[in-house]
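Scroll down for the structure; my scribbles are underneath it.
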Amino acid sequence: MGDWFTESLGWRWAFWMNLPLGALAITSTAIVPVMTWGGTLHDWDSLNIIGLIALAYMPIYLQMVTGVNATQRGCR
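Numbering (the working numbering), first residue to last: -15 to 60.
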């Protein structure tokens, strides 16, 4: 199946198709605990909940706002 993707649609199509899926996976791994623990196990303004929210949006911030890519490893 991978051979069919790269030969007929091109490898770039497979790359661009997986970007939103990867972003969703990264964001959901931090957002699910926030929605589960927020208000029940921890207060909404606790450091645990705020840290998880920051963790969820840090990759988005680094790549879209600052323009840092994977080769720069998030450091300037």
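The beta carbon of each residue, even a glycine, is placed where N, CA and C say it ideally should be.
For PRO43 and THR50, I'd like the C-alpha separation in whole angstroms. About 10 Å.
Within the continuous alpha helix (DSSP H) that includes VAL49, where are the two ends? No alpha helix (DSSP H) contains VAL49, which DSSP labels as neither H nor E.
On the criterion of 16 or more Cβ atoms from any shown chain inside 10 Å, does VAL16 qualify as buried, or is it exposed? A residue is called buried when at least 16 other Cβ atoms come within 10 angstroms of its Cβ; VAL16 does not meet this threshold and is exposed.
Whole-number beta carbon distance between TRP21 and ILE33, since they are thought to touch under 8 Å: Right, their Cβ atoms sit about 7 Å apart.
Could you tell me the boundaries of the alpha helix (DSSP H) in which TRP(-3) lies? Per DSSP, TRP(-3) belongs to the alpha helix (DSSP H) from -5 to 21.
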